[in-house]
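Asks:
Numbering (the numbering used here), first residue to last: 8 to 338.
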């Protein structure tokens with residue numbers, strides 16, 4: 008699998024996990040069917056993100072299908088566990104999405120798939136919301152396990168820079184940031200596209216959701232800063248030796264400095280500034296501006312995580328080379 012395919016697979020699969028988390032939050036915040044109907048478009052993020060991730064991994068597997076099968080067929084391998092957890096999460100995410108889009112009152116696909124409508128009605132009856140919330144909580148657990156397992160596939164002795172507890176945490180952090188930002192952007196865009204009279208019906212709904220999401224994203228972004236700091240400290244530890252110091256220096260003043268700086272500015276600094284803007288807009292009861300800023304937050308978070316993942320894979324290649332070359336050079 009090339010780096011591009013890895014980047015697409017990991018970021019979009021984790022986007023799906025985070026989007027499901029954001030939708031479950033919306034599910035519990037919604038006080039009535041009108042609010043649920045407003046949030047329903049957010050359910051369309053999960054499966055498309057998983058499909059994009061699935062296409063990326065298939066494109067990498069097909070050219071070397073025999074070797075890929077040998078690796079995946081070993082249950083003790085983390086890649087095999089990742090494949091299993093992706094399948095398990097995918098099934099739960101599909102069920103959760105169906106319970107949104109085929110809801111008897113506001114499901115946007117209701118009546119378009121008659122047989123499935125009848126099956127859903129028969130299975131859940133009048134308890135759609137309660138069952139959906141339960142399915143959502145289980146799906147979150149499966150999603151976090153999936154993101155963690157994806158990260159663990161790179162915790163390898165042969166790649167010392169990634170052989171650390173921060174590696175799976177970076178993957179989980181991507182899920183916690185990108186997915187909720189995407190869903191918040193989708194519902195914000197819906198609010199901005201409807202006419203002013205109809206928008207007034209959803210003022211409280213969107214205000215409550217954005218008020219929750221900006222706080223959530225603020226805490227998560229601060230956690231990301233702490234995680235980056237911990238990993239930078241790890242690079243300077245005695246266990247990493249000269250190779251770790253060389254990589255650390257390349258991030259601050261070497262060939263990767265510009266990319267790392269862009270990751271910090273776009274993915275963190277801009278995000279924090281926009282989050283403050285959302286907070287002030289909500290305080291001023293300017294919901295339209297808050298919704299616009301949320302679109303910007305999605306862009307900054309998404310670009311930041313893409314840049315972070317590029318650095319992740321670049322350093323994995325560099326570290327593998329350095330840890331082999333440095334002993335030969337006597338450094």
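Using N, Cα and C, we set each Cβ at its ideal position, and we do this for glycine too.
Could you tell me whether the region 236-243 touches the region 48-57, where touching means 3 or more Cβ pairs closer than 8 angstroms?
Replies: The region 236-243 is not in contact with the region 48-57.
Asks: So does the region 145-154 actually touch the region 88-104, counting three or more Cβ pairs closer than 8 angstroms?
Replies: Output reads yes: the region 88-104 touches the region 145-154.
Asks: Using the three-state DSSP reduction, which class does residue 262 fall into: helix, strand or coil?
Replies: Coil at residue 262, not helix or strand.
Asks: DSSP state of residue 187, grouped into three classes?
Replies: Correct three-state label for residue 187: helix.
Asks: In whole angstroms, what separates the C-alpha of residue 37 from that of residue 214?
Replies: About 12 angstroms.
Asks: Would you call the CB atoms of residue 285 and residue 276 closer than 8 angstroms?
Replies: Cβ distance not < 8 angstroms, so residue 285 and residue 276 don't count as in contact.
Asks: Leaving out five residues on either side along the sequence, give the residues of the same chain with a beta carbon under 6 angstroms from the beta carbon of residue 19.
Replies: Same-chain partners within the cutoff: 56, 59, 60.
Asks: Among residues of its own chain, excluding the 5 on either side of residue 15, which ones have a beta-carbon nearer than 6 angstroms to its beta-carbon?
Replies: Same-chain partners within the cutoff: 63.
Asks: CB-CB under 7 angstroms to residue 174, same chain, minus the five flanking residues each way: which ones, in chain order?
Replies: Cβ neighbours of residue 174 beyond the five flanking positions: 158, 161, 162.
Asks: Would you kindly work out how many angstroms separate the C-alpha atoms of residue 280 and residue 125, rounded to a whole number?
Replies: Approximately 48 angstroms between the Cα atoms of the pair.
Asks: Is residue 195 buried or exposed, if buried means 16 or more other CB atoms sit within 10 Å of its CB?
Replies: Result: buried.
Asks: Would residue 117 and residue 106 qualify as a contact pair, given that the criterion is a beta-carbon distance under 8 angstroms?
Replies: No. Outside cutoff.
Asks: What is the residue span of the alpha helix (DSSP H) that residue 136 lies within?
Replies: Its alpha helix (DSSP H) spans residues 135-159.
Asks: Kindly indicate the opening and closing residues of the alpha helix (DSSP H) around residue 247.
Replies: Counting along the chain, residue 247 falls outside any alpha helix (DSSP H), and DSSP gives it neither H nor E.
Asks: Kindly list the residues whose CB is nearer than 6 angstroms to the CB of residue 263, restricted to its own chain and excluding five residues on each side of it in sequence; keep chain order.
Replies: Once the five neighbours on either side are set aside, the close Cβ partners of residue 263 are 257.
Asks: Can you tell which of 184, 180, 35, 186 has its C-alpha closest to the C-alpha of residue 138?
Replies: Nearest of 184, 180, 35, 186 to residue 138, Cα basis: 35.
Asks: Which stretch, first to last residue, makes up the alpha helix (DSSP H) that contains residue 89?
Replies: It spans 85-108 - the alpha helix (DSSP H) in which residue 89 sits, taken as one unbroken run.
Asks: Tell me which residue opens and which closes the alpha helix (DSSP H) that residue 55 is part of.
Replies: Note, residue 55: alpha helix (DSSP H), 53-68.
Asks: Between which two residues does the alpha helix (DSSP H) containing residue 289 stretch?
Replies: Taken as a continuous stretch (DSSP letters only), the alpha helix (DSSP H) holding residue 289 covers 278-290.
Asks: In whole angstroms, what separates the C-alpha of residue 316 from that of residue 207?
Replies: The alpha-carbon atoms of residue 316 and residue 207 are separated by roughly 40 angstroms.
Asks: Considering just the uninterrupted stretch of the alpha helix (DSSP H) at residue 35, what are its terminal residues?
Replies: That run of the alpha helix (DSSP H) goes 10-36.
Asks: So, at 7 angstroms on beta carbons, what are the nonlocal neighbours of residue 169 in its own chain, with the 5 sequence-adjacent residues on each side left out?
Replies: For residue 169, where only same-chain residues beyond five positions count, the Cβ hits under 7 angstroms are 161, 162, 163, 323.
Asks: Report buried or exposed for residue 336, applying the criterion of at least 16 other Cβ atoms within 10 angstroms of its Cβ.
Replies: For residue 336, the pLDDT reaches just 43, beneath the cut-off of 50, and the residue's location in the model is therefore unreliable, although a value from the coordinates is still provided. Residue 336 comes out exposed.
Asks: Apart from the five residues just before and just after residue 318, which ones in its own chain have a Cβ nearer than 7 angstroms to its Cβ?
Replies: Counting only Cβ-Cβ distances below 7 angstroms, and skipping sequence neighbours, we find 263, 266, 267, 270.
Asks: Are there 16 or more other CB atoms within 10 angstroms of the CB of residue 112, so buried, or fewer, so exposed?
Replies: Per the 10 Å Cβ criterion, exposed.
Asks: Which residue from 145, 24, 29, 11 puts its Cα closest to that of residue 193?
Replies: Answer by Cα proximity: 29.
Asks: In the structure shown, what three-state DSSP assignment does residue 112 receive?
Replies: It is coil, neither helix nor strand.
Asks: Would you kindly check if the distance between the Cβ of residue 181 and the Cβ of residue 21 is under 8 angstroms?
Replies: Cβ atoms of residue 21 and residue 181: closer than 8 angstroms.
Asks: What three-state label does DSSP hand residue 211 in the structure shown?
Replies: Residue 211 falls in the helix class under three-state DSSP.
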